[in-house]
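As structure tokens, the structure follows; a few thoughts come after it.
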Amino acid sequence: MSEPVEKGMVHMKEKIKSRTETIERILKAYLPKEEETPSAVVKAMNYSVNAGGKRLRPMLMSETYRLFGGSETVIEPFMAAIEMIHTYSLVHDDLPAMDNDEYRRGKKTTWVQYGEAVAILAGDGLLNYAFETALKAFACEGADAQRIARALSILANKAGIYGMIGGQDADIAAEEANEAPALSQLLYIHEHKTAALIQASMMIGAVLAGADDAALSTIEKAAYEIGIAFQIQDDILDVTSTFEELGKPIGSDEKNNKTTYVTLKGISEASREQKELSDHAIGLLESFTKQGFQNEFLTDLVKSLITRLK
Numbered sequence: 000m001s002e003p004v005e006k007g008m009v010h011m012k013e014k015i016k017s018r019t020e021t022i023e024r025i026l027k028a029y030l031p032k033e034e035e036t037p038s039a040v041v042k043a044m045n046y047s048v049n050a051g052g053k054r055l056r057p058m059l060m061s062e063t064y065r066l067f068g069g070s071e072t073v074i075e076p077f078m079a080a081i082e083m084i085h086t087y088s089l090v091h092d093d094l095p096a097m098d099n100d101e102y103r104r105g106k107k108t109t110w111v112q113y114g115e116a117v118a119i120l121a122g123d124g125l126l127n128y129a130f131e132t133a134l135k136a137f138a139c140e141g142a143d144a145q146r147i148a149r150a151l152s153i154l155a156n157k158a159g160i161y162g163m164i165g166g167q168d169a170d171i172a173a174e175e176a177n178e179a180p181a182l183s184q185l186l187y188i189h190e191h192k193t194a195a196l197i198q199a200s201m202m203i204g205a206v207l208a209g210a211d212d213a214a215l216s217t218i219e220k221a222a223y224e225i226g227i228a229f230q231i232q233d234d235i236l237d238v239t240s241t242f243e244e245l246g247k248p249i250g251s252d253e254k255n256n257k258t259t260y261v262t263l264k265g266i267s268e269a270s271r272e273q274k275e276l277s278d279h280a281i282g283l284l285e286s287f288t289k290q291g292f293q294n295e296f297l298t299d300l301v302k303s304l305i306t307r308l309k
């Protein structure tokens, strides 16, 4: 690897670290205060969110907001809200009735730490609190009621039965079926279970910055491709990574008899298609340069998802 490439990778890691720290500060500001509401559910909610993670969704939201010239604090409640919704989905996903995982991000999962009942309530609490948090955008700098209302609609739709929950439902149905799902079914699951929240993140960033409908449509398409590519990489890592790298048990897909992109296509073909999707998504994002919109970090962030190891 050449020295300029190495320096570029180090610089990118520093940029991601800086933005992640900003997101952590925003999350801390919006999470419920345990001293004000000393309950097991609140502690479990905070434990779940503070367990770490890439903070990819709020980062994509913030950077899409910047792409279209956004610079005010109205984006922050939505950044916190999308991470709360993502976290609640993981809390419920880890439950014995679902994937029965005991570790995530190198830490005990919420149900292991607090018990199943509290974990279910913590997930419910995070989902409800996410919308309480997003509504605080009306009182923020740069608040535009029409844009905020549209952003709330996107958030609700992409997180609900026509989005992430619908994807989870289809995933469970596929597991219970007596035959492996077809590729079209698997793509439906990935589109709704994984890509939907990435679409919500980037579309909300665009809407709050005032992007027009044509731009919003392009962002939705790019976010779909990013989401599918991200999930394919997850499937690959479940086979090729280690517990130390991934922070959770590897081989869980095989353990749960899950059909994945890797089991259908093989690692080589899955990797090729993942890169193809990522490259096309980058091309869509770069197409905004002709309209005077550019965010080099956003395109570099999408590129980094191709080679991530966790």
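According to numbering that gives the first Met the number 0, the sequence shown is numbered sequentially starting from 0. From the three backbone atoms N, C-alpha and C, an ideal C-beta is built for every residue, glycine too. None of the values given here were measured: they were computed from a predicted structure.
With a Cβ-Cβ cutoff of 8 Å, do residue i and residue j count as a contact?
{"i": "D234", "j": "A194", "result": "no"}
{"i": "M392", "j": "S88", "result": "This structure leaves residue 392 out entirely; the chain is present only between 0 and 309."}
{"i": "I231", "j": "F77", "result": "no"}
{"i": "M58", "j": "R18", "result": "yes"}
{"i": "R103", "j": "A39", "result": "no"}
{"i": "Q112", "j": "Y187", "result": "no"}
{"i": "A118", "j": "A43", "result": "yes"}
{"i": "R146", "j": "V206", "result": "yes"}
{"i": "A280", "j": "A213", "result": "no"}
Roughly how many whole angstroms lie between the Cα atoms of residue i and residue j?
{"i": "H85", "j": "T288", "result": "30 Å"}
{"i": "Y260", "j": "I225", "result": "15 Å"}
{"i": "L154", "j": "Y128", "result": "13 Å"}
{"i": "L283", "j": "I305", "result": "16 Å"}
{"i": "V73", "j": "C139", "result": "5 Å"}
{"i": "E71", "j": "P31", "result": "23 Å"}
{"i": "D299", "j": "M11", "result": "8 Å"}
{"i": "F137", "j": "E178", "result": "48 Å"}
{"i": "G122", "j": "V90", "result": "6 Å"}
{"i": "D143", "j": "T217", "result": "22 Å"}
{"i": "S277", "j": "H189", "result": "15 Å"}
{"i": "W110", "j": "A208", "result": "38 Å"}
{"i": "K106", "j": "E62", "result": "29 Å"}
{"i": "D98", "j": "A176", "result": "16 Å"}
{"i": "G291", "j": "A96", "result": "49 Å"}
{"i": "A181", "j": "V301", "result": "27 Å"}
{"i": "K16", "j": "V48", "result": "17 Å"}
{"i": "E35", "j": "A173", "result": "43 Å"}
{"i": "L120", "j": "K135", "result": "23 Å"}
{"i": "F67", "j": "E115", "result": "42 Å"}
{"i": "K27", "j": "E219", "result": "29 Å"}
{"i": "S183", "j": "S303", "result": "27 Å"}
Spatial neighbours of residue i within its chain, please: C-beta separation below 8 Å, excluding the five flanking residues on both sides.
{"i": "P37", "result": "none"}
{"i": "E23", "result": "R54"}
{"i": "L126", "result": "M83, I84, Y87 and A158"}
{"i": "G69", "result": "G141, G204, L207, A208 and G209"}
{"i": "F130", "result": "A80, L151, L154 and A155"}
{"i": "I160", "result": "D168"}
List the residues that DSSP assigns as beta-bridge partners of residue i.
{"i": "K106", "result": "R103"}
Is there at least one Cβ from chain D nearer than 8 Å to residue i's Cβ?
{"i": "L89", "result": "Absence of chain D from the displayed structure is noted, only one protein chain being present."}
Using a Cβ-Cβ cut-off of 7 Å (strictly less than) and excluding sequence neighbours within five positions of residue i, which residues of its own chain qualify?
{"i": "R65", "result": "N294"}
{"i": "M0", "result": "Since pLDDT at M0 reaches only 48, below the 50 mark, its modelled position is unreliable, and no value is offered."}
{"i": "Y29", "result": "P76, A79 and T132"}
{"i": "L185", "result": "T258, Y260 and L263"}
{"i": "R56", "result": "I81, E82, H85, L196, I197 and S200"}
{"i": "H191", "result": "G162, M163, G165, G166 and A169"}
{"i": "E285", "result": "T298"}
{"i": "L151", "result": "A133"}
{"i": "K14", "result": "F296"}
{"i": "R8", "result": "Note that residue 8 corresponds to Met in the displayed sequence, not to Arg. Within the same chain, M8 has no close Cβ partners at all."}
{"i": "T273", "result": "The question names Thr, yet the displayed sequence has Gln at residue 273. For Q273, where only same-chain residues beyond five positions count, the Cβ hits under 7 Å are A228, I231, Q232 and I305."}
{"i": "Y223", "result": "E190, A194 and Q198"}
{"i": "V238", "result": "V261 and I266"}
{"i": "N156", "result": "G162"}
{"i": "V41", "result": "P31 and E33"}
{"i": "G52", "result": "R104"}
Going along the chain, which residues of its own chain have a beta-carbon closer than 6 Å to the beta-carbon of residue i, five neighbours each way excluded?
{"i": "A158", "result": "I84"}
{"i": "D100", "result": "D93 and T108"}
{"i": "S267", "result": "none"}
{"i": "G124", "result": "V40 and M44"}
| request: Report the residue ranges of all alpha helix (DSSP H) runs contained in full by the stretch 29-68; include only those spanning at least 4 residues, in chain order. | output: Counting only runs of 4 or more, we get 39-48 and 55-66.
| Going along the chain, which unbroken runs of the beta strand (DSSP E) with 3 or more residues stay wholly within the stretch 107-195? | Fully contained in the stretch 107-195 is no beta strand (DSSP E) run of length 3 or more.
| query | Where in the stretch 205-292 do unbroken runs of the alpha helix (DSSP H), each at least 4 residues long, occur, reported from the N-terminal end onward? | reply | Note on the stretch 205-292: whole alpha helix (DSSP H) runs with a minimum of 4 residues are 212-239, 242-245, 251-254, 260-264 and 266-285, in chain order.
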